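Per our numbering, the sequence shown runs over residues 139 to 470.
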Amino acid sequence: MNEQILENTHLYCGEALDFYDRWETPTVIVCDGPYGVKGFPGDLVSHEGLGEWYEPHIKKWSELATPLTTLWFWNTEVGWATVHPILEKYGWAYVSCCIWDKGMSHVAGNTNTKTIRHLPVVTEVCVQYVKKPAFKVGNESMSMKEWLRFEWQRTKLPFRLTNEACGVKNAATRKYFTKCHLWYMPPAEAFEKIAEYANNYGDESGKPYFSIDGEKPISKVEWARMRSKFYCPIGITNVWQVPQLRNSERLKANQKAIHLNQKPLVLIKRIIEMASDKGDVIWDPFAGLCTSAIASIDLERVCYCAEINPDVYDIAVKRVKSHLDNGTQCSF
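Right, here's the structure in full:
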């Protein structure tokens, strides 16, 4: 195994599945692996089979992630559609699909419109998922919505008193304890009030209420960590009109791109900033030229990257070292 630790950046050469257990718990996972387009040695020849390929990784992410974790899944539209059922199977909840529009320059001069049987493709998708919290009650697994109702029912108090607990007229029953699609996760302050009221006035035999360990209620801080972070940037929508890399940011050797799937730094910074804070942990299991590491350095995050191709890995290490030393990109 080849490993380089450069300040808060950990770069591994090899199969990411061999490293996950050594990495700190992620706040963000940047997944930019195979697309099924024969884009690099080892890539699948089509989207068929992508689900099976990704499944062991997704399973491991689910084991090691928390409800605080956001997953950004990059792929083609059909590649993502193929993998989506596997992500759902392991508890990842779809949030939104962001479209990277590379513009006409991506295909200009490279498309024979007289023979092509579909419109020129100038997009990729970057799909946001979060890890759904699950609550164990005996042998049964419950969603947060189900568990909140279950815990309040154990108190033997009527649901109308959840409003009194929160100091509102009817918002608690209408949002936090409703059975319908209008359900909303209680903010940490509201949850703290609910748990305190339940343990003060609920049936004595069932205490503690709203507890995972059976000894004390979940704290406000712990409850806040039951939901992923998200900071919505002003003026940014789910369509990202950013040209493909053609300038000095594109790493080349002998005038040829070193890695065809290198992402613009601005987009990787965007997804990391939207879902994490300074000091948080970023994973990139299929790191390529380690753009996630460069972004994490600039944004003061801790980053763990794995790249399976030794040649690409060596170049990525040089790139990260150069960025740490003087903030510039080395040439190859």
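Every residue gets a Cβ at the ideal spot worked out from N, C-alpha and C, and that includes glycine.
All values reported here derive from a predicted model rather than from experimental measurement.
Opening and closing residue of the alpha helix (DSSP H) in which residue i lies
| i | result |
| --- | --- |
| TRP191 | 188-202 |
| ILE396 | Run containing ILE396: none; DSSP gives neither H nor E here. |
| MET282 | 282-292 |
| TYR339 | 326-339 |
| TRP361 | 358-362 |
| TRP218 | 215-227 |
Check whether residue i and residue j have beta carbons under 8 Å apart
| i | j | result |
| --- | --- | --- |
| THR429 | ILE406 | yes |
| GLY217 | HIS185 | yes |
| VAL263 | CYS235 | yes |
| VAL168 | ASP418 | no |
| THR293 | ASP341 | yes |
| LYS240 | PRO381 | yes |
| LEU383 | PRO402 | yes |
| LEU149 | ALA431 | yes |
| TRP238 | THR261 | yes |
Integer-rounded CB distance, given that residue j should sit under 8 Å from residue i
| i | j | result |
| --- | --- | --- |
| LYS367 | ASP415 | 7 Å |
| THR147 | ILE435 | 6 Å |
Beta-bridge partners of residue i, as assigned by DSSP
| i | result |
| --- | --- |
| ASP452 | Beta-bridge pairing links ASP452 to no other residue. |
| VAL175 | The partner list for VAL175 (beta bridge, DSSP) is empty, contrary to what the question assumes. |
| ALA444 | TYR150 |
| ILE420 | VAL166 and CYS441 |
| GLU278 | VAL275 |
| GLN379 | ASP239 |
| THR208 | VAL166 and VAL268 |
Residue i Cβ short of 7 Å to the ligand NAP heavy atom set
| i | result |
| --- | --- |
| PRO423 | The ligand NAP is not part of the structure shown, which contains no ligands of any sort. |
N-terminal and C-terminal residue of the beta strand (DSSP E) that residue i is part of
| i | result |
| --- | --- |
| VAL166 | 166-169 |
| ALA231 | 230-239 |
| VAL268 | 261-269 |
| LEU144 | 140-144 |
Residue i at chain B interface by Cβ criterion, 8 Å
| i | result |
| --- | --- |
| HIS185 | Of the protein chains in this structure there is only one, and it is not chain B. |
Touching by the beta-carbon criterion (3+ pairs, under 8 Å), the segment 147-167 and the segment 184-198: Note that the segment 147-167 touches the segment 184-198; at least 3 beta-carbon pairs, one per stretch, sit closer than 8 Å.
How about the segment 375-389 and the segment 328-347: do they share at least three Cβ pairs that are nearer than 8 Å? Touching, no.
Using 8 Å as the Cβ pair cut-off and three pairs as the minimum, do the segment 220-239 and the segment 268-277 touch? Contact holds: three or more Cβ-Cβ distances are below 8 Å.
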